[in-house]
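What follows is one structure encoded as structure tokens, with my remarks underneath.
Protein chains: 2
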Amino acid sequence: MDRGALGEGKMLQGSLDSSGPRFTPLVVVELASDTKEEAIAWILSRIRDQQQNGGAELLVEQLGPGVGAQEKENPNMFLVGATRQRLLSGAEEVGLFKECNDGSMRGFTCANKHNFKDFEGDGDSFLNMAECQYIIKHELDTLRAKDETHVPGHTQVKLYPGKSIIRRLQSKGILIQIFPLHGQEELKRLSFSWYKKVKLSFQPLDNIRHYYGEGQALYFGFLEYFTFALVPMALIGVPYYLFDWEDYDKYVIFAVFNLVWCTVILELWKRFSASLAYRWGTLSRKKAFEEPRPGFHGTLGFNPVTGRKEPLYPNAKRQLRVYLVSLPFVLLCLYLSLYIMMIYFQMEGWVLSFHDEEPTFWTGILMFIPSIIYAVVIEIMNLIYRYAAEFLTEWENHRLESSYQNHLVLKVLVFNFFNCFASLFYIAFVMQDMVLLRQSLATLLITSQILNQFMEAFLPYWLQRRRNKKMIRKVQKRRTVEEKELPLAEQVRLEADMSTYLVGTQGLDSDLDKNFAIMIFGFTNLVNTQEEIMFPSVWLCPCFILSQGTFDDYLELFLLFGYVSLFSCTYPLAAVLVVLNNVTEVYSDAFKMCRVFKRPFSDPAANIGVWQLAFEAMSVIAIVTNCALIGMSPQVKAYFTESETQLILWTVAIEHMLLAFKFILTFLIPDVPKHIQIKLARLEFESLEALKKKKMLEASDLSKTME
Amino acid sequence: MDRGALGEGKMLQGSLDSSGPRFTPLVVVELASDTKEEAIAWILSRIRDQQQNGGAELLVEQLGPGVGAQEKENPNMFLVGATRQRLLSGAEEVGLFKECNDGSMRGFTCANKHNFKDFEGDGDSFLNMAECQYIIKHELDTLRAKDETHVPGHTQVKLYPGKSIIRRLQSKGILIQIFPLHGQEELKRLSFSWYKKVKLSFQPLDNIRHYYGEGQALYFGFLEYFTFALVPMALIGVPYYLFDWEDYDKYVIFAVFNLVWCTVILELWKRFSASLAYRWGTLSRKKAFEEPRPGFHGTLGFNPVTGRKEPLYPNAKRQLRVYLVSLPFVLLCLYLSLYIMMIYFQMEGWVLSFHDEEPTFWTGILMFIPSIIYAVVIEIMNLIYRYAAEFLTEWENHRLESSYQNHLVLKVLVFNFFNCFASLFYIAFVMQDMVLLRQSLATLLITSQILNQFMEAFLPYWLQRRRNKKMIRKVQKRRTVEEKELPLAEQVRLEADMSTYLVGTQGLDSDLDKNFAIMIFGFTNLVNTQEEIMFPSVWLCPCFILSQGTFDDYLELFLLFGYVSLFSCTYPLAAVLVVLNNVTEVYSDAFKMCRVFKRPFSDPAANIGVWQLAFEAMSVIAIVTNCALIGMSPQVKAYFTESETQLILWTVAIEHMLLAFKFILTFLIPDVPKHIQIKLARLEFESLEALKKKKMLEASDLSKTME
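Top line first, the protein sequences correspond to chains A and B.
Going by UniProt numbering, the first sequence wraps up at 707, each residue one higher than the last.
Going by UniProt numbering, the second sequence wraps up at 707, each residue one higher than the last.
Dropping the structure here:
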């Protein structure tokens with residue numbers, strides 16, 4: 001009886017192709033191989049059960065054995081799908097926005113389904129695969145325990161009414177992973193239009209959104225926007241660089257340009273992003289009620305908002321952890337970073353004296369060595385700090401994913417900013433050595449770009465290729481398949497072994513312990529723990545590529561933006577380098593999304609979130625820095641020969657005016673373009689009118705019955 | 001037949017008391033005395049008509065003739081009321097929030113009326129008078145033309161389907177005014193608990209809100225909060241002033257205190273104001289859809305949002321008016337203000353040289369004369385500018401009241417700030433004369449306070465007293481009434497003649513033309529145009545009190561806040577003076593609200609709106625100013641004897657850190673207290689759950705019918 005559900009699944013499989021279920025598989029759920037059978041049966045029955053009975057009403061089947069079934073393959077992999085009707089009602093539940101026949105974006109409802117633009121016939125192609133997968137993820141996430149006190153067969157995995165089953169299984173290690181499947185056909189088409197063709201064109205943002213969801217598409221949109229925004233700066237930079245190479249002092253115009261540029265592009269991005277989000281239907285979509293994150297723990301109590309039973313953790317305790325442990329730790333790290341910076345300057349001085357004593361070509365090369373070493377050390381420190389920050393933020397035990405994210409981003413940004421830019425600030429404002437500033441900036445920029453490209457694109461590609469070949473070889477050993485496509489079972493297992501790309505607000509912590517261990521011991525299998533062969537390449541790549549996600553991608557852009565907006569006036573080629581980097585970044589990111597990582601669940605983001613804030617903070621710092629650089633320039637100093645005080649006072653006054661102007665500009669430029677504002681207002685007006693009409697009808701009904 | 005509706009009203013009056021209608025009159029509508037009878041009949045029928053037919057379904061009757069009926073009394077005054085049932089359904093329409101039995105605040109619905117705390121029996125006392133009046137105002141405002149092309153009898157007053165009838169009548173001068181009646185009993189009780197008792201206590205904010213609505217109550221709450229916030233500063237100021245009188249240099253501590261104080265109190269006010277707004281049910285109440293303001297004009301077209309016919313005015317034209325006319329005008333005014341400031345400094349220098357030549361007691365007194373003259377001139381300039389700003393903003397032809405308000409507030413604030421503080425900034429940072437700064441600050445503060453108190457409280461009181469006495473004399477001439485209370489007809493006419501107090505987003509423009517004329521010719525009847533006797537006092541008071549409203553009250557507080565936060569470190573008694581001023585301000589404002597002005601319609605405000613922003617901008621300026629004052633102080637200078645550059649750089653660095661800290665603090669302190677956040681989240685959660693349940697039920701119904 002326990003095996004009933006499973007048996008049924010197997011029987012169905014048997015009646016069809018040996019590896020294909022009778023529905024379109026969308027999401028894969030992998031349970032630990034030592035999960036008790038009664039637990040599996042219970043989980044499957046809950047997933048299959050009708051919604052009235054508190055089930056998810058989804059279709060689920062066990063994945064057939066792969067070619068390596070007799071080996072140590074995990075048998076507990078399940079494919080989840082749903083009927084078309086279920087997906088449509090799910091779309092209504094998650095509040096999906098779709099385009100209507102009149103061109104406006106509205107929340108989808110089954111009752112009005114025929115008013116929507118792409119709804120044809122039964123609506124088979126109405127929802128795209130990413131949306132279906134998002135819906136299934138949501139349905140699984142909101143599958144709640146009824147009166148079970150624990151998972152059958154696992155008495156240590158406690159449950160209480162209302163607890164999300166999937167999250168509990170996840171936090172207790174029974175659920176190893178849950179991920180959406182790639183759509184091979186669509187992926188091929190996407191990758192062709194995205195990075196495989198050579199001709200210069202915009203990225204296919206709508207297709208990216210179609211396949212990966214809004215969060216990913218917004219990242220690529222931002223990357224592209226940022227690149228284009230840099231083009232004028234690069235265009236100005238090249239002749240500047242070519243003709244004024246030795247005249248370090250003519251940077252005032254460039255600094256002024258920088259000032260205006262960094263304010264304007266961020267304001268315009270907000271409007272552009274609002275247009276994209278409106279077109280994709282996420283702009284006015286309501287956020288779902290946020291559940292506690294899987295890692296959150298506490299004593300069981302009642303949530304004051306929902307009234308549900310759930311773990312509670314006193315806020316005061318969390319604050320203590322934040323202010324008494326995390327904050328001192330961050331400050332200590334900043335101090336350490338400063339200390340290392342000082343060592344770098346000592347090295348720099350030592351090399352310089354060496355070069356001055358006996359200048360040869362080799363000592364000239366040697367001049368760059370300290371900067372390169374420092375750049376590498378900075379990258380390594382950023383990485384180590386990143387793990388420490390994740391660990392600490394996890395330990396702070398935030399209830400909501402958003403709160404966790406904010407604390408993590410704040411920690412990481414402060415340190416990375418300090419670590420990357422402290423030396424430049426020191427050179428610019430304490431040493432006031434513009435030649436060294438230029439040299440340092442160039443070395444830092446180029447080194448970190450090379451490191452990043454290598455770690456992000458080349459290495460993962462090489463690893464993935466090895467694995468693919470191995471898998472194909474394995475399959476070919478068994479059967480003599482002519483077609484290049486793998487059978488479903490192999491394909492699923494191949495994807496299950498891919499690295500996870502973390503999108504937006506999805507947990508960053510799931511890989512944390514594994515990665516932390518890897519970082520410390522540095523001698524474990526790199527990309528997946530189920531690979532057999534130990535790569536010798538482990539030594540080369542200190543796990544840079546492990547927990548990648550949008551966070552890392554945005555962080556990289558943030559630092560590049562910093563290099564350009566803060567100091568590029570002293571090194572006009574910076575913008576050119578960043579443009580080049582971004583162009584390759586588009587290709588390498590596209591490649592890694594399509595070929596290296598598991599497909600991520602789509603993230604219905606309406607904007608780039610906390611990163612908008614981070615970039616704006618950077619642009620404020622850029623204004624201050626550029627004003628100071630202008631004030632220090634010889635041309636400006638020439639006007640104030642008699643009094644340095646006057647110079648400083650004027651610089652400060654102008655800087656204050658610019659800051660005030662920036663804030664006024666932020667107020668004046670509306671965040672959402674006018675035509676979208678009108679559309680949003682029209683929707684709101686319509687819903688208000690509908691409500692009024694409904695109430696009026698009810699009132700007249702009431703008065704009629706009273707008569 | 002035209003007089004049918006009116007005749008009915010008269011008959012009803014006749015059957016009861018000669019001056020009382022058979023319903024509780026709530027709102028008075030005054031039409032021009034030359035309105036055509038068919039127009040009146042049409043308006044009344046539209047107001048009385050059922051909602052299904054597009055009417056307002058309100059009760060309305062003509063006011064009986066007063067004692068001076070044979071004189072030039074306007075007969076077209078109408079009393080409007082409503083049945084209890086109509087008021088309750090109106091409360092639902094306007095989205096009133098009320099306290100439920102479980103202590104939460106929810107939008108009132110007739111269906112759930114018995115879940116609300118104060119709903120007893122038929123709900124007679126559920127809505128207070130201010131709420132009922134607000135509902136009636138809303139219903140009248142949303143009374144729309146059907147297929148009439150013009151108002152019957154007035155072919156020049158064009159109408160089109162969907163146009164608000166009341167607004168059209170108002171803009172064409174047929175509707176003279178519409179105002180809510182005072183509740184004599186409640187007013188007596190309120191004024192007793194508010195300003196008539198001598199013992200020190202908090203203001204009865206809940207009662208004020210009960211009688212005047214949330215906007216007014218928030219103003220008085222802010223006034224009280226601001227006063228209490230000043231107390232610690234005043235307490236520090238007194239000993240400081242007493243013991244360090246001649247030691248102008250010890251102001252560093254005070255400046256540091258100022259810095260922290262102005263940031264903290266604004267943050268805390270936001271939280272306090274959110275608590276008040278939650279308790280009063282305006283925090284989560286949705287804003288109604290904003291209609292074009294009555295003064296807005298343009299060519300008839302279709303509103304892109306509502307699809308209704310309405311006047312449209314090209315935005316580009318408005319922008320041209322703003323940037324090509326208003327902006328240069330404001331700049332010109334600022335220049336003029338600077339020019340006058342320079343004249344003041346010349347006078348000051350002249351008086352000083354006079355005093356130095358031959359110092360006597362009288363020349364000592366003379367020393368204060370320029371400051372006093374300058375203070376008076378500042379007040380007069382502010383006033384003239386105010387009218388010019390209203391005129392210009394009106395001419396800019398903004399579509400929405402909120403947009404009009406923002407432009408007006410911006411214009412007025414910039415000029416007032418400049419006008420009041422430019423001389424102080426000049427003295428502090430250009431002349432660096434702390435003695436003169438102190439003297440100027442004291443004179444400005446004291447003079448403007450005396451002027452304000454006189455204009456705001458004493459004069460209106462005196463005028464109102466005269467009028468009341470006259471009215472009572474008139475009534476007593478006719479009948480030999482023993483009781484002090486006036487009959488309804490007299491009371492209504494008395495209130496109709498009172499000045500109008502403008503609340504929040506209500507139009508400031510209605511009195512504009514009248515006032516502008518008065519300002520220019522200066523020799524017209526002051527308080528109301530229907531008064532017979534020309535006051536000789538006109539010469540004394542250049543119409544300060546005419547268009548008063550919350551705008552003026554907040555503006556006064558804003559300037560006081562400026563005096564205290566910017567420069568009070570040089571004159572520690574400033575805080576004491578402002579506290580004293582505020583205490584009398586509470587009493588005079590309370591008095592003028594209760595006795596001098598018409599009752600205003602309540603304004604369901606959730607916060608102090610644009611003023612919060614204005615005060616925060618001031619606090620940023622205060623940080624910059626205080627840092628500069630600290631940097632200039634001799635104690636600090638003593639640390640940097642060798643290098644002035646170092647001193648300035650340190651000052652600037654610390655100032656930047658403080659500004660950054662202020663912004664971080666603004667992010668860190670949540671605007672809404674935790675316990676209210678939880679309550680709001682609970683409401684949202686419940687509505688989401690209810691929606692989900694409803695959808696689930698519908699789905700199961702559907703599946704049942706399909707089976």
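Every residue, glycine too, gets a C-beta built ideally from N, C-alpha and C.
For residue i and residue j, what's the separation of their Cα atoms in angstroms?
i                 : j                 : result
Val29 of chain A  : Gln319 of chain A : 36 Å
Arg595 of chain A : Gln464 of chain A : 8 Å
Lys117 of chain B : Asn128 of chain B : 14 Å
Phe78 of chain A  : Pro25 of chain A  : 9 Å
Ser568 of chain B : Ala575 of chain B : 7 Å
Gly281 of chain B : Tyr241 of chain B : 44 Å
Lys693 of chain A : Glu686 of chain A : 10 Å
Phe458 of chain B : Ala496 of chain B : 21 Å
Leu31 of chain A  : Ile174 of chain A : 6 Å
Leu688 of chain B : Tyr195 of chain B : 46 Å
Gln432 of chain B : Phe454 of chain B : 34 Å
Val564 of chain A : Ser353 of chain A : 30 Å
At what residues does the alpha helix (DSSP H) containing residue i begin and finish?
i                 : result
Gly645 of chain A : The sequence shown places Thr at residue 645 of chain A, not Gly. Glu644 to Leu668 is the extent of the alpha helix (DSSP H) around Thr645 of chain A.
His355 of chain A : Leu327 to Glu357
Glu401 of chain A : Glu401 to Phe425
Gln439 of chain B : Met434 to Gln453
Lys188 of chain B : Gln184 to Ser191
Ile380 of chain B : Ile369 to Trp395
Val672 of chain A : Here Val672 of chain A belongs to no alpha helix (DSSP H), and DSSP marks it neither H nor E.
So, with DSSP's three-state summary, where would you put residue i?
i                 : result
Pro204 of chain B : coil
Ser499 of chain A : strand
Lys113 of chain A : helix
Phe23 of chain B  : coil
Thr299 of chain A : strand
Gly221 of chain B : helix
Glu310 of chain B : strand
Arg599 of chain A : coil
Glu139 of chain B : helix
Pro180 of chain A : strand
Phe521 of chain A : Bear in mind that a pLDDT of 37 at Phe521 of chain A, under 50, signals an unreliable position, so the model cannot answer this.
Lys692 of chain A : helix
Gly364 of chain A : helix
Over what stretch of residues does the beta strand (DSSP E) that includes residue i continue unbroken?
i                      : result
Gly81 of chain A       : Met77 to Gly81
residue 708 of chain A : Residue numbering for chain A in the displayed model covers 1 to 707; residue 708 of chain A lies beyond these limits and cannot be assessed.
Report the residues of the segment 658 to 686 of chain A with a CB closer than 7 Å to any CB of chain B, ordered along the chain. Ile678, Ala681, Arg682 and Phe685
Three-pair Cβ contact test at 8 Å for the segment 586 to 601 of chain B versus the segment 651 to 667 of chain B: no
The segment 640 to 656 of chain A: positions lying closer than 8 Å to chain B by Cβ: Cβ contacts with chain B: Glu644, Thr645, Ile648, Leu649, Val652 and His656.
In the segment 303 to 327 of chain B, which residues sit with their C-beta less than 7 Å from some C-beta in chain A, listed in chain order? Pro304, Val305 and Thr306
Taking a Cβ distance cut-off of 8 Å, strictly less, list which residues of the segment 615 to 635 of chain B are near chain A, in chain order. Val624
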